[in-house]
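Undergrad: Just so you know, our numbering puts 131 at position 131 of the sequence shown, and the rest follows in order with no gaps.
Heads up, the beta-carbon is just placed ideally off N, CA and C, and yes, glycines get one too.
The structure follows.
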Amino acid sequence: MLTHRVGVTTRHPQMGTVALTNYLTAMSRFHNYSFGNVLEIARQMPAATKVAGFWTWKNMGRSVKAGQKGIRILAPIVGVRRKKDEEAQKDITKQNELVLLGFRDAYVFDISQTEGVDLPTLREVSGDPGEHLERLAAFVRSRGIQLTYSDDLHGALGASYGGRIAILSGQSKAEEFSCLVHETAHELLHRAERRTATTKTVRETEAEAVAFVVGKAVGLVTSTASADYIALYHGNASLLAESLEVIQQTACLIIAALEPPITENEESQAPEEMAA
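What follows is the structure, given as structure tokens:
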């Protein structure tokens, strides 16, 4: 359940609020990377916003500035396993098979480390989720979850009941979006077996971390509200670290649902340095 967060004071300095916020911010920016590489990016350059390899920047008309130090991540080494002649003859489309051979050090650079032509600007929402709110509601309903609005949730901003989400009416669009993501995370993560296997602290920490990541990904201004909320439930960075994988998977699932449909005239391009 999401309770009021306004005015909450962090009373747990040991949690490392700055580090926690830096990591969640990095996750929102680089949600296509593995959580291990997100950690590396956040650790080496917390302020990074857009990263790419040296030649990717070149192809976009930008050059890495002299003397800049790359951000080290791990990239997969992919090889080809050739099938035996008799196997290949059975199906010519499956003559070769891609296999993961291992990992290698790779280096990416933040846009602040480059210079050149301006990148095309993406439409951003600052404090207003815009059409993302409608897409999120549609995603919730597509999962068979009933979405209702109430004038009184007994002091809560939102609640998850297992198959039904209730949101307090009258909130700003930004807060409504954040609450809905939080409760959606509960629905996706904390039902059936996993609910009994986790504590309330773990569940609230995970749900709010997902809300932070998704909110930042769509351009909402979140400040330290999520870190303060996690501290309210006595969550900490160590506890969050144990949940990174499920947080990332859930955030990516929701973010993917918020992306506009791809038309025939649009082309999709995978990130150059997709690493494990």
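1. From T121 to V38, what does the alpha carbon distance come to, in whole angstroms?
2. Do A52 and the ligand HEM come close, with the Cβ less than 7 Å from some heavy atom?
3. Under the rule that 16 or more other beta-carbon atoms within 10 Å means buried, what is D152, buried or exposed?
4. Please list, in chain order, all residues of the same chain as Y23 whose beta carbon is under 6 Å from its beta carbon, the five residues on each side excluded.
5. Within the chosen definition, does the region 72-81 reach the region 135-146 through at least 3 CB pairs nearer than 8 Å?
6. In three-state terms, what does DSSP make of A276?
7. What span of residues does the alpha helix (DSSP H) with I247 cover, start to end?
8. For the pair the region 100-120 and the region 51-64, tell me if three or more CB-CB distances fall below 8 Å.
9. For L157, does the three-state DSSP call read helix, strand or coil?
10. When you compare only the Cα positions, how much space is there between Q113 and K69?
11. Return the first residue and the last residue of the alpha helix (DSSP H) that A197 is part of.
12. Quick check on this structure: which residue in E40, A256, G219, G36 has the alpha carbon closest to the alpha carbon of G130?
13. Do you know whose CA, among E176, I254, V18, lies nearest D128's CA?
14. Based on Cα-Cα distance, which residue from E40, H132, L101 lies nearest to E259?
15. Under DSSP, the beta strand (DSSP E) around V213 begins and ends at which residues?
16. Nearest-angstrom Cα distance between E124 and A237?
17. Determine the contact status of E208 and H182, defining contact as a CB-CB distance below 8 Å.
18. Using DSSP with H/G/I as helix, E/B as strand and the rest coil, what is T184?
19. For L220, which of helix, strand or coil comes out of DSSP?
20. Can you tell me which of S28, R195, V18, A48 puts its alpha carbon nearest to the alpha carbon of A256?
21. Check whether the Cβ atoms of S160 and V202 sit closer than 8 Å, and answer yes or no.
22. Helix, strand or coil, according to DSSP, for Q68 in the structure here?
23. Can you grab the Cα-Cα spacing for the pair A19 / A66, in whole Å?
24. With DSSP run on the structure shown, which of helix, strand or coil describes V140?
25. So for Q113, helix, strand or coil by DSSP?
26. Shortest alpha-carbon distance to A211 belongs to which of S172, L180, W57, S169?
27. In whole angstroms, give me the CA-to-CA distance for L188 and T250.
28. Quick one: what's got a C-beta closer than 7 Å to T25's C-beta in the same chain, skipping five residues either side?
29. Helix or strand or just coil, what does DSSP make of I77?
TA: With the given structure in hand:
1. Any reading at T121 must be qualified, since the residue scores a pLDDT of 43, below 50, and its modelled position is unreliable; the value itself is stated next. If you take the alpha carbons of T121 and V38, they lie about 23 Å apart.
2. Although the ligand HEM was asked about, the structure shown includes no ligands whatsoever.
3. exposed
4. Within the same chain, Y23 has close Cβ partners A42.
5. no
6. Because A276 sits at a pLDDT of 43, beneath the cut-off of 50, its placement in the model cannot be relied upon, and the point is left open.
7. 244-258
8. yes
9. DSSP places L157 in strand when its eight states are reduced to three.
10. 8 Å
11. 193-197
12. G219
13. E176
14. H132
15. Taken as a continuous stretch (DSSP letters only), V213 belongs to no beta strand (DSSP E), being part of the alpha helix (DSSP H) at 200-217.
16. Low confidence applies here, because E124 scores a pLDDT of 35, under 50, leaving its location unreliable; read the following figure in that light. Each residue's alpha carbon lies about 29 Å from the other.
17. Contact check for E208 against H182 passes: the beta carbons are separated by less than 8 Å.
18. helix
19. coil
20. Minimum Cα distance to A256 is reached at S28.
21. No.
22. coil
23. 29 Å
24. helix
25. helix
26. Nearest of S172, L180, W57, S169 to A211, Cα basis: L180.
27. 7 Å
28. K216
29. strand
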